[in-house]
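Following the numbering used here, the numbering of the sequence shown begins with 1373 at its first residue and continues without gaps.
Cβ atoms here follow ideal geometry from the backbone N, Cα and C, with glycine treated the same way.
This structure is a prediction, so every number in the text was calculated from the model and none was measured.
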Amino acid sequence: MVHTATQTESPSRGTGKDFRPSSGLSGGPSITSGVKTEKDSSILLALLQLESQVRKAQTVKELCFLLANETRRLVDFRQACIFSITPKGRMRGRVEAVSSVAVVDRNAPMITWIEGVISELWEQGSLKDFGPLSSTHCSTELQRDWKSFAFPHVLWCPLIRADQQVIGGLWLTREIPWQDGEVQLVRRFAETVAHAWQALGGTKRRVKNWKVFKNWLWGVLVVVMAAMWLPVRLSTLAPVEVVPRDPSVVTAPLDGVVGEILVHPNTLVQTGQTLFRYEDTTFRNQFEVAEKNLSVTWMEYRKVSQGAFVDHDTGAGMPVQASEVRLKEAERDYAWDMLQQVEVKAPRAGIVIFTDKSEWIGK
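Okay, here's the thing in structure tokens:
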């Protein structure tokens, strides 16, 4: 927009207008004021539109999403976080929305760090202070992560109710310093947001709702206590474990590998019924070897006993040879007993209890 005018009197007399060229060219009109006026008008229009959208928000969640993503129409920033502050200062601030993010990750390191900064501002009593923040406002532990989680220039915009209670806040960050005009513009917008936040059921309403809920809870407790005096038959379901009465444990009679289980779990068996069978290859081979050794030793004994009729010296070895025969007979009998134990039988009638066949075969 270009303005032109004619100088009627000298500037020293304080009347008329003196137009000086802003670009260094003589005789040209100034357009600086026109551009500035147009920019201010666009910012004012954006402010009015945002305030209208804020008033149309239906929930606090919708309001937070609007603040995180639409506030950049007023001022430029790289990232915005919207906080809610719990009543009475019992807990730290909570990040409700982040610009350009649909869902806030509660476990993200940046979210945890920013909430820690807000907690320290609350402890310092400076949560109501509106303006730029720096790493000097927080502890040494949080200062180490300032460059990692925040841009150099942070603007904290608390949302304050009419009773001076902080119910939320805007955390705006960017690379360049914040100008006074931008700070005042955001302050004006924050006042509107705080009013809308409270109207939508912010902290104050939650406190009232808690009081109503507490009264309702007491009423329910009174009714429950009164109902406890009424006789009521009750039944319940609970897990049970079936255990045998007077059980008889079947132990392993020998050291071997289970080859076959002849009964199924939880079935009725009779006395003497075969329950399972061991692999008998080793025991059968041992019995056959012992029997052959006994035959060889017996033949040697007969040979010695026959030779004793001819040679008395040969007869002197008969007691030793007889002992060898008795030893081989004992080994044969032992191998036979082991072979007879490969089949394990039920010592009495009852229900056999075990888990599953596949868990025992081969063990």
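Residue i to residue j span [Cα, whole Å]
i	j	result
residue 1532	residue 1525	22 Å
residue 1514	residue 1594	49 Å
residue 1520	residue 1537	31 Å
residue 1427	residue 1568	6 Å
residue 1395	residue 1411	Note that residue 1395 scores 37 on pLDDT, short of 50, meaning its location in the model is unreliable; the coordinates nonetheless yield the value given after this. Each residue's alpha carbon lies about 20 Å from the other.
residue 1584	residue 1590	10 Å
residue 1499	residue 1612	58 Å
residue 1635	residue 1647	6 Å
residue 1510	residue 1516	10 Å
residue 1442	residue 1424	12 Å
residue 1729	residue 1735	11 Å
residue 1722	residue 1699	41 Å
residue 1481	residue 1562	27 Å
residue 1566	residue 1572	10 Å
residue 1550	residue 1505	10 Å
residue 1463	residue 1475	Low per-residue confidence applies at residue 1463: pLDDT is 49, beneath 50, and the placement is therefore not dependable, though the value from the model is reported in the following sentence. Cα to Cα, the separation comes out at about 22 Å.
residue 1493	residue 1507	12 Å
residue 1433	residue 1468	7 Å
residue 1720	residue 1667	39 Å
residue 1696	residue 1690	10 Å
residue 1675	residue 1692	13 Å
residue 1483	residue 1490	11 Å
residue 1708	residue 1608	58 Å
residue 1588	residue 1601	21 Å
residue 1413	residue 1458	37 Å
residue 1401	residue 1444	Confidence at residue 1401 is low in this model, with a pLDDT of 41, below 50, so the placement of that residue is unreliable and no value is reported for it.
Pick from the options that is closest to residue i, judged by C-alpha positions
i	options	result
residue 1716	1690, 1673 and 1631	1631
residue 1488	1475, 1503 and 1522	1522
residue 1619	1726, 1565, 1598 and 1585	1726
residue 1548	1635, 1449 and 1529	1449
residue 1736	1560, 1653, 1492 and 1732	As displayed, the chain neither begins before 1373 nor continues past 1735, which places residue 1736 out of reach and without an answer.
residue 1554	1415, 1671, 1718 and 1694	1415
residue 1616	1692, 1472 and 1638	1638
residue 1677	1539, 1663, 1694 and 1657	1694
residue 1665	1702, 1534 and 1642	1702
residue 1501	1586, 1559 and 1570	1559
residue 1640	1564, 1718, 1649 and 1430	1718
residue 1649	1663, 1655, 1633 and 1662	1633
Within 8 Å, strictly: CB atoms of residue i and residue j
i	j	result
residue 1446	residue 1557	yes
residue 1629	residue 1651	yes
residue 1713	residue 1626	yes
residue 1606	residue 1439	no
residue 1497	residue 1528	no
residue 1486	residue 1436	no
Residue i - containing beta strand (DSSP E), residue span
i	result
residue 1736	The requested residue 1736 does not occur in the structure, where the chain is confined to residues 1373 to 1735.
residue 1336	No statement about residue 1336 is possible, as the shown extent of the chain runs from 1373 to 1735 and does not include it.
residue 1454	1451–1456
residue 1631	1630–1633
residue 1717	1715–1717
residue 1469	1466–1470
residue 1504	1503–1505
residue 1723	1722–1724
residue 1542	1538–1546
residue 1646	1646–1650
Environment of residue i [buried if 16+ CB atoms lie within 10 Å]
i	result
residue 1470	buried
residue 1512	exposed
residue 1704	buried
residue 1623	exposed
residue 1456	buried
residue 1669	buried
residue 1530	buried
residue 1421	exposed
residue 1465	buried
residue 1451	buried
residue 1706	exposed
residue 1733	exposed
residue 1540	buried
residue 1534	exposed
residue 1642	exposed
residue 1430	exposed
residue 1518	buried
residue 1662	buried
Limits of the unbroken alpha helix (DSSP H) element including residue i
i	result
residue 1553	1552–1571
residue 1439	1432–1442
residue 1518	1518–1521
residue 1608	Element bounds for residue 1608: n/a, residue is neither H nor E.
residue 1699	1690–1712
residue 1489	1481–1496
residue 1512	1512–1515
is_contact[residue i, chain B] using C-beta, thresh 8 Å
i	result
residue 1458	In the structure shown, chain B cannot be found, because there is only a single protein chain.
Any non-hydrogen atom of the ligand SAH closer than 7 Å to residue i Cβ
i	result
residue 1410	This structure lacks the ligand SAH, and indeed carries no ligand of any kind.
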